[in-house]
Each structure stands twice: as C-alpha cells, then as structure tokens.
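*Asks:* Before I ask anything, let me first share the structure, which is written out below as structure tokens.
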Amino acid sequence: MPTNLPAEAKHKWSEVSAAKDPKVKLQLLREFMSLVPKHKGTGKLRSQVKKQMSALRREIEEKKRRRAGKGGPKFFIEKEGAAQVAIMSLTNAGKSSLLAATTNAKVEISPNPYTTREPVPGMFAYEDVQFQMVETPSLMEGSADGKAWGLQTLALARNADGLVVMVDLSRDCVGQLSLIFGELENARVFVSKPRAHVQVERKFMGAGLKIILVGKLFDCTLKDVKEVLKSYHLTDAVVKIYGEATLDAVEEAVFENTVYKPSVIVANKIDSRKGMANLKELEAYVGERLPVIAVSCITRQGLDRLGRTLFKALGIIRVYTKEPNAKEFSRRPFILSKGATVHDLAKNIHSDFSEKFSFAKIWANRLVFSPQKVGSTFTLEDRDTVEIHMK
537 MPTNLPAEAK HKWSEVSAAK DPKVKLQLLR EFMSLVPKHK GTGKLRSQVK
587 KQMSALRREI EEKKRRRAGK GGPKFFIEKE GAAQVAIMSL TNAGKSSLLA
637 ATTNAKVEIS PNPYTTREPV PGMFAYEDVQ FQMVETPSLM EGSADGKAWG
687 LQTLALARNA DGLVVMVDLS RDCVGQLSLI FGELENARVF VSKPRAHVQV
737 ERKFMGAGLK IILVGKLFDC TLKDVKEVLK SYHLTDAVVK IYGEATLDAV
787 EEAVFENTVY KPSVIVANKI DSRKGMANLK ELEAYVGERL PVIAVSCITR
837 QGLDRLGRTL FKALGIIRVY TKEPNAKEFS RRPFILSKGA TVHDLAKNIH
887 SDFSEKFSFA KIWANRLVFS PQKVGSTFTL EDRDTVEIHM K
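Going by my numbering, the sequence shown opens with residue 537, and the numbers climb by one from there.
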C-alpha cells in the first residue's frame with residue numbers, strides 16, 4: 537500500500553468516504569483514480585478501487601432495474617437469531633442440500649450448476665440457540681474481480697457473523713478450498729486471524745479520532761498512525777488495531793477494511809467412493825487452522841456435529857436472566873461474545889441497566905456457591921444465570 541500518495545489524492549479520498557449516493561461515489565472514485573500515480577507501489581490500491589467501482593456500477597444498475605419494474609435478485613438478508621452464517625462454496629458442493637437438511641427453508645436442489653441465483657435464509661436450531669443459515673450463490677474463479685454475482689456473494693460473507701465453507705469430497709477438495717480462500721482473501725475477508733487486523737469505523741463530525749491499540753505497532757508509533765490517518769482527513773473515527781500492525785496495514789484499512797470471519801469447513805459427500813481418501817488429504821491441508829466436519833447431506837451423517845462446532849467457532853456464550861424474587865430464570869438466553877462481562881449483559885438488556893447498575897447475583901456450576909454477588913466487571917461464561925439489581 538502506498539504511503540506517498542499526493543495530497544490531492546488523499547483529499548479526494550476523504551470526499552469518497554463521505555459520499556453516500558452511489559452515483560456520486562462512483563464519480564469521486566473515478567476522480568481519485570486519476571490522481572493516483574501508476575507505479576508498482578499503487579498496484580494493489582488501484583485493484584481495490586476498481587473492485588469498489590465495479591460493485592457500485594452493479595448497485596446502480598440493480599436500482600435502475602427495480603425502478604423499471606424488472607425486479608432482480610435481492611442480495612441483502614436481514615440478520616436473525618444468535619448469528620448469521622453464510623454458506624460458501626463452488627457450484628454443486630451441496631449448499632442447498634445442507635440448508636434443506638438443517639433448516640425448514642424451501643430450497644431448489646438441482647444437479648445443474650449455478651442453480652442458486654440469490655441468497656436463501658433458513659433457521660437452524662442447536663439446543664436453545666437459533667442460527668440463521670444463508671445459502672449464497674456459488675463462487676467461481678474471478679468472483680472477487682466482479683465475475684457473475686461474485687461481488688454480491690462476497691458482500692454476504694463480509695456481512696455475516698461467520699462462514700460455513702463447503703467442499704465436495706467426490707472431487708478435488710483441496711483445489712476447491714484453495715480457490716474459495718483465494719477469492720475471499722482478494723475481497724479482504726479472512727477465515728484465519730491475520731497477523732494484523734485494523735478496523736476503521738467512521739463517526740459523526742466532531743466525534744474526534746480515537747485509536748484503540750489491542751495489539752502492538754510493528755514499525756511505527758501512535759504518532760505516525762495519527763499523522764497517516766489525518767493525512768486522509770480521517771479525523772472522526774474509532775480505529776482498532778489488533779495483532780502486529782505495520783503502518784502499511786493501517787493505511788490499507790483506510791481504503792478497505794480487512795474482516796475476519798470465524799469459519800467451519802463442511803466436507804460433503806463423505807459417502808462417495810473417494811470420500812474418505814479425499815477427507816484425509818483435506819485434513820492434512822487444513823491442519824489445525826479450522827475445524828473440519830465430514831458429512832453426507834443425503835444420509836445426514838455427521839450433521840449432528842454442526843451446531844456444536846459452529847457455536848464454539850463463533851466464540852459466543854448463552855446467558856440466562858432472572859428477575860429479582862422470581863423463582864424461574866428465562867428460558868430464552870442472551871447471546872454474548874466470549875469474555876463478556878455483567879456490564880455487557882446489562883447494556884444488552886437496556887441502557888438504564890448499565891447506568892443504574894448496583895450489583896448482580898450469579899448462578900453457575902463453576903462457582904463454589906450460588907448465587908454469588910458480583911460487580912459489573914465479572915466475566916460471564918456459557919449457561920450462567922444472572923439477576924441484576926438496580927440502584
């Protein structure tokens with residue numbers, strides 16, 4: 537990523553970031569590209585911007601079709617349940633069969649390639665947790681460069697809370713996985729935590745610039761980071777830096793945020809002739825990076841492991857609540873991130889709870905005695921029951 541863009545280009549990028557209308561944003565991107573010098577150091581940046589321009593052109597065309605009454609596929613799926621999980625694969629790996637086997641969604645299962653043209657959601661129950669599974673249109677080589685509906689499919693992956701990456705064990709599963717990972721990475725979506733992860737969240741005017749350093753800076757100081765951000769007129773934002781981040785990684789995040797999505801590999805057709813042999817090859821290739829579940833969507837073999845594996849991979853916990861003086865706790869849990877505190881739970885229930893919080897009582901098997909009186913910083917674990925008391 538270049539650190540020597542001319543001031544005019546950096547100023548133009550601030551206009552791009554502020555633009556909301558797709559047509560205006562596309563025009564500003566064209567102007568920005570004209571200000572970016574062409575050399576080896578700007579190649580990656582120019583490629584990223586071209587992808588953004590391609591996505592905007594598609595968005596504009598889709599809006600035109602809808603206004604003309606021609607319809608067209610809808611690619612945004614409102615999130616429901618504990619987490620939204622996008623099912624990604626090449627064609628004919630079994631996404632539709634998986635959705636049909638695990639949810640009540642009505643899907644078309646066909647041997648014809650590229651049958652799915654728009655996302656299809658369905659709710660998958662694991663114990664008392666509901667996951668929203670979303671079958672996505674198939675990826676292919678060149679998806680991240682705008683081929684077919686690739687950009688829309690990758691946008692679904694970026695928006696989801698986690699991914700199920702499916703491969704077909706009757707074919708070259710390592711080749712399939714390599715292609716899928718490549719397209720995701722080209723779209724800046726990673727299934728393994730990268731060495732550095734920088735999130736830029738733009739805020740309203742006057743909010744100021746806040747840098748949260750969770751990891752460490754590798755070749756620069758906080759002052760260097762602030763100067764780079766301000767050179768792009770990024771003065772109202774929260775910037776979170778994870779891992780060992782370089783100044784290039786920070787600058788890259790100004791243009792396109794890298795996202796990490798917890799993922800599970802579902803290897804379908806374990807009952808095929810080459811299923812077991814290809815599974816061993818797949819597991820050797822993946823190693824300890826990601827969990828692999830071997831399944832048959834037809835016989836349902838292995839599907840009983842999916843819910844438990846997803847729950848663990850997503851890094852979430854269930855917390856039950858109890859009203860003071862009530863005999864029973866709620867049967868519907870709050871879903872929180874692993875490591876969440878009583879304060880996080882209070883904020884999820886109601887803003888007044890966190891502001892007027894006094895203390896909480898916790899029922900948990902790991903405690904020596906229950907209930908135990910705790911403060912707002914107490915770390916919760918899966919299946920804890922919490923009773924919050926107000927001032």
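Built from N, CA and C at the ideal position, the CB exists for glycine as well.
Which of helix, strand or coil does DSSP assign to GLY698?
*Replies:* Along the sequence shown, read from residue 1 onward, the residue named residue 698 stands at position 162. Of the three classes helix, strand and coil, the one that applies to GLY698 here is strand, per DSSP.
*Asks:* Relative to the C-alpha of VAL775, which candidate in LEU765, LYS759 and VAL831 has its C-alpha closest?
*Replies:* Indexing the sequence shown from 1 puts residue 775 at position 239. It is LEU765 whose Cα lies nearest to the Cα of VAL775.
*Asks:* So, VAL700 versus GLN712, is the Cβ gap smaller than 7 angstroms?
*Replies:* Working through the sequence shown from its first residue, we reach residue 700 at position 164. Working through the sequence shown from its first residue, we reach residue 712 at position 176. No, Cβ-Cβ distance for VAL700 and GLN712 is not below 7 angstroms.
*Asks:* Taking the runs of the alpha helix (DSSP H) that are 4 residues or longer, which of them lie wholly in the region 603-643?
*Replies:* 631-638
*Asks:* First and last residue of the beta strand (DSSP E) that includes ASP920?
*Replies:* Taking the first residue of the sequence shown as 1, we reach residue 920 at position 384. For ASP920, the uninterrupted beta strand (DSSP E) segment begins and ends at 920-926.
*Asks:* Taking only the alpha-carbon atoms, compute the straight-line gap between ALA619 and GLU917 and give it to the nearest angstrom.
*Replies:* By one-based count along the sequence shown, residue 619 stands at place 83. By one-based count along the sequence shown, residue 917 stands at place 381. ALA619 and GLU917 have their alpha carbons spaced roughly 18 angstroms apart.
*Asks:* Return the first residue and the last residue of the alpha helix (DSSP H) that PHE667 is part of.
*Replies:* For the purposes of this step, residue 667 is taken as residue 131 along the sequence shown, with counting starting at 1. Element bounds for PHE667: not the alpha helix (DSSP H) but the beta strand (DSSP E), 665-671.
*Asks:* List the endpoints of the continuous alpha helix (DSSP H) containing GLU787.
*Replies:* The sequence position of residue 787 within the sequence shown is 251, counting from 1. Counting along the chain, the unbroken alpha helix (DSSP H) around GLU787 starts and ends at 783-791.
*Asks:* Between which two residues does the alpha helix (DSSP H) carrying MET812 extend?
*Replies:* Counting from 1 along the sequence shown, the entry for residue 812 is found at position 276. Its alpha helix (DSSP H) spans residues 811-822.
*Asks:* Quick check on DSSP: helix, strand or coil for LYS897?
*Replies:* As a first step, residue 897 is located in the sequence shown; it is residue number 361 there, counting from the start. It is a strand residue.
*Asks:* Considering only residues of the same chain and omitting the five flanking positions on each side of GLY682, which have a CB-CB separation below 6 angstroms?
*Replies:* Residue mapping note: residue 682 aligns to position 146 of the sequence shown, counting from 1. The residues are SER590.
*Asks:* From this set, GLY843, GLU544, LEU842 and LYS927, which residue's C-alpha is nearest ALA896's C-alpha?
*Replies:* Counting from 1 along the sequence shown, the entry for residue 896 is found at position 360. With distances taken between Cα atoms, ALA896 lies closest to LYS927.
*Asks:* Assign HIS733 to one of three DSSP states: helix, strand, or coil.
*Replies:* Mapped onto the sequence shown, residue 733 falls at position 197. In the structure shown, HIS733 sits in a strand (DSSP, three-state: E or B).
*Asks:* Can you give me the Cβ contacts of ARG836 inside the same chain, cut-off strictly under 8 angstroms, excluding the 5 residues immediately before and after it?
*Replies:* On the sequence shown, position 300 is the one that residue 836 refers to. The beta carbon of ARG836 sits closer than 8 angstroms to the beta carbons of ALA637 from its chain, once the five residues preceding and following it are set aside; these are given in chain order.
*Asks:* Could you give the distance in angstroms between the alpha-carbon of ALA693 and the alpha-carbon of ILE853?
*Replies:* Taking the sequence shown and counting its residues from 1, one reaches residue 693 at position 157. Taking the sequence shown and counting its residues from 1, one reaches residue 853 at position 317. Approximately 22 angstroms, taken between the alpha carbons.
*Asks:* From what residue to what residue does the alpha helix (DSSP H) around LEU713 run?
*Replies:* Residue 713 sits at position 177 when you count from the first residue of the sequence shown. 709-722 is the span of the alpha helix (DSSP H), which, as asked, contains LEU713.
*Asks:* Mapping DSSP to helix, strand and coil, what is MET589?
*Replies:* Position 53 of the sequence shown, counting from 1, holds the residue named residue 589. Helix.
*Asks:* Using a Cβ-Cβ cut-off of 7 angstroms (strictly less than) and excluding sequence neighbours within five positions of MET537, which residues of its own chain qualify?
*Replies:* As a first step, residue 537 is located in the sequence shown; it is residue number 1 there, counting from the start. Model confidence at MET537 stands at a pLDDT of 49, short of 50, so the residue's coordinates are unreliable and nothing is read from them.
*Asks:* How many Å lie between ASN884 and PRO907 at the Cα?
*Replies:* Reading the sequence shown from its first residue, position 348 is the one you call residue 884. Reading the sequence shown from its first residue, position 371 is the one you call residue 907. Whole-angstrom Cα-Cα distance: 22 angstroms.
*Asks:* How close, in whole Å, do the beta carbons of ARG841 and TYR662 come, if the pair is a contact with beta carbons under 8 angstroms?
*Replies:* As a working note, residue 841 is residue 305 in the sequence shown. As a working note, residue 662 is residue 126 in the sequence shown. In fact, because the Cβ distance is near 10 angstroms, the residues do not count as touching under 8 angstroms.
*Asks:* Do the CB positions of SER633 and CYS833 come within less than 7 angstroms of each other?
*Replies:* Counting from one through the sequence shown, the residue named residue 633 turns up at place 97. Counting from one through the sequence shown, the residue named residue 833 turns up at place 297. Yes.
*Asks:* Taking the continuous alpha helix (DSSP H) assigned at ARG854, which residues delimit it?
*Replies:* Your numbering for residue 854 matches position 318 in the sequence shown. Here ARG854 belongs to no alpha helix (DSSP H); instead the beta strand (DSSP E) covers 852-857.
*Asks:* Which of helix, strand or coil does DSSP assign to MET537?
*Replies:* Position 1 of the sequence shown, counting from 1, holds the residue named residue 537. Because MET537 carries a pLDDT of 49, less than 50, the predicted location of this residue cannot be relied on, and no value is offered for it.
*Asks:* Please say whether TYR796 and PHE726 have beta carbons closer to each other than 7 angstroms?
*Replies:* Translated into positions along the sequence shown, residue 726 becomes position 190. Translated into positions along the sequence shown, residue 796 becomes position 260. Their beta carbons are under 7 angstroms apart, which means PHE726 touches TYR796 by this criterion.
*Asks:* Figure out for me which residue from ALA876, ALA732, LEU881 and LYS739 has the closest Cα to the Cα of PHE754.
*Replies:* Residue mapping note: residue 754 aligns to position 218 of the sequence shown, counting from 1. The shortest Cα separation from PHE754 among ALA876, ALA732, LEU881 and LYS739 belongs to ALA732.
*Asks:* Look up PHE889 in the DSSP assignment and say whether it is helix, strand or coil.
*Replies:* Within the sequence shown, the letter at position 353 stands for residue 889. Three-state result, PHE889: helix.
*Asks:* In the structure shown, what three-state DSSP assignment does SER767 receive?
*Replies:* Within the sequence shown, residue 767 is the residue found at index 231, counting from 1. Note: SER767 maps to helix in three-state DSSP.
*Asks:* Under the rule that 16 or more other beta-carbon atoms within 10 Å means buried, what is ARG829, buried or exposed?
*Replies:* Counted from its first residue, the sequence shown places residue 829 at position 293. Inspection of the sequence shows that residue 829 is occupied by Ile rather than by Arg. Per the 10 Å Cβ criterion, buried.
*Asks:* Is it true that the region 652-669 meets the region 583-601, where meeting means three or more beta-carbon pairs spaced less than 8 angstroms apart?
*Replies:* no
*Asks:* Roughly how many angstroms lie between the CA atoms of TRP549 and ARG601, to the nearest whole one?
*Replies:* Here residue 549 refers to the residue found at position 13 of the sequence shown. Here residue 601 refers to the residue found at position 65 of the sequence shown. Rounded to the nearest angstrom, the two C-alpha atoms are 29 angstroms apart.
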